[in-house]
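Trainee: The structure follows.
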Amino acid sequence: MTDSRDHAGPDLPPPEAPGSPAVSVVVPARDDAVHLARCLRLLTAQTRPPDEIVVVDNASSDGTAEVARAAGARVVFEPVPGIPPAAAAGYDAARGDVVVRCDADSLPGPEWIAGLLAALGSRPGVVAVAGPGRFHGLPPGVDRLLSVLYMGLYVLSTAAALAHPPLFGTNMAMRRSWWLEVRDRVHRQDPELHDDLDLSFRLDPGHRILFRPGLSVGMSPRALRGGRPAARRLARGFRTIRLNWADERPWERWQARLGHRPDGGRG
-7 MTDSRDHAGP DLPPPEAPGS PAVSVVVPAR DDAVHLARCL RLLTAQTRPP
43 DEIVVVDNAS SDGTAEVARA AGARVVFEPV PGIPPAAAAG YDAARGDVVV
93 RCDADSLPGP EWIAGLLAAL GSRPGVVAVA GPGRFHGLPP GVDRLLSVLY
143 MGLYVLSTAA ALAHPPLFGT NMAMRRSWWL EVRDRVHRQD PELHDDLDLS
193 FRLDPGHRIL FRPGLSVGMS PRALRGGRPA ARRLARGFRT IRLNWADERP
243 WERWQARLGH RPDGGRG
């Protein structure tokens, strides 16, 4: 259950540019204060700054909440450990028209939010957009190769299961109106799921998710750890797919999407 004490607050002020949607950035974090401080500095340095930053303190035992408040972020406390409940708590608390998501160890470039907003408005029916992560802190050349392999495998395998491009929690944005439509259908209380993939399964045939390879952000090479962490990530992926395929088989998803254009037409 989410602690709502930090949820209250005035409505967001109008965004700086007339007609521009208000933007909330959601950052789930658990015992990651050092990385979070760096991420928040990069978020405040955006060419299109967020209208609010919501940090979800997922039962941390370090100074995550203090770091977030010192940077001017709004803190939401989610006592149930796990990214699915933490991410959902952040999306619920967000007040912007567009909800952007990254991780505490993400390294977004200065044009990141502006690029996500442009992609969201680029085609009819787009409710969410995602981009890849690129590993940082590795030898030159190795970082690019491993990033391409890691992201390529993720996108190709999940797109086949979804019948459309996936979201990627390290680097994504969605319309808040879409989240309000689907939030009661995500499996937010299951910590052994990939929350971004589970959310991707909520896409109806009349909507679109775009994946933009050029909208990359830096991500930690911790995702490359083998052994038990790798086995757990793989098990979570299979569990997420199996749980959602129980409601709709992949061939049913493909049939529905091939027969439905995102602009509302059919054929």
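Position 172 of the sequence shown, counting from 1, maps to 164 under the working numbering, and the rest follow consecutively. A virtual CB, placed ideally from N, CA and C, is assigned to each residue, including glycine. As the structure is a prediction and not an experimental result, all values here were calculated from the model.
1) Would you mind reading off the limits of the beta strand (DSSP E) that contains D270?
2) Quick check on A80: buried or exposed, where buried means 16 or more other Cβ atoms within 10 Å of its Cβ?
3) Indicate whether the contact test is met: 3 or more Cβ pairs, each with one atom in the segment 117 to 129 and one in the segment 189 to 203, closer than 8 Å.
4) In whole angstroms, what is the alpha-carbon distance linking Q105 and T39?
5) Considering only residues of the same chain and omitting the five flanking positions on each side of G259, which have a CB-CB separation below 6 Å?
6) Looking only at its chain, what residues have a beta carbon closer than 6 Å to the beta carbon of P13, apart from the 5 residues adjacent to it on each side?
7) Using the rule of at least 16 other Cβ atoms within 10 Å of the residue's Cβ for burial, across every protein chain shown, is A222 buried or exposed?
8) Nearest-angstrom Cα distance between E103 and R217?
9) Using the three-state DSSP reduction, which class does W243 fall into: helix, strand or coil?
10) Quickly, what does DSSP pair G125 with across the bridge? List them, please.
11) Once you ignore the five residues that flank R241 on each side, which residues in its own chain have a CB closer than 8 Å to its CB?
12) Can you tell me whether DSSP reads R204 as helix, strand or coil?
Mentor: Let me spell this out:
1) There is no way to answer for residue 270, as the model of the chain reaches only from -7 to 259.
2) Note on A80: 16 or more other CB atoms within 10 angstroms of its CB, so buried under the neighbour-count rule.
3) Yes, the segment 117 to 129 is in contact with the segment 189 to 203.
4) One point to set straight first is that residue 105 is Ile, not Gln, in the sequence displayed. I105 and T39 have their alpha carbons spaced roughly 8 Å apart.
5) Because G259 sits at a pLDDT of 31, beneath the cut-off of 50, its placement in the model cannot be relied upon, and the following sentence gives the value as read from the coordinates. There are no such residues.
6) By the criterion of a C-beta distance shorter than 6 Å, P13 is surrounded in its chain by D89, V90, once the five residues flanking it on both sides are discounted.
7) Flag for A222 reads exposed.
8) Between E103 and R217, the C-alpha separation is close to 29 Å.
9) In this structure, W243 counts as helix in the three-state DSSP scheme.
10) G125 pairs with V209.
11) Closer than 8 Å at the Cβ level, and outside the excluded window around R241, lies no residue.
12) Three-state DSSP puts R204 in coil, outside helix and strand.
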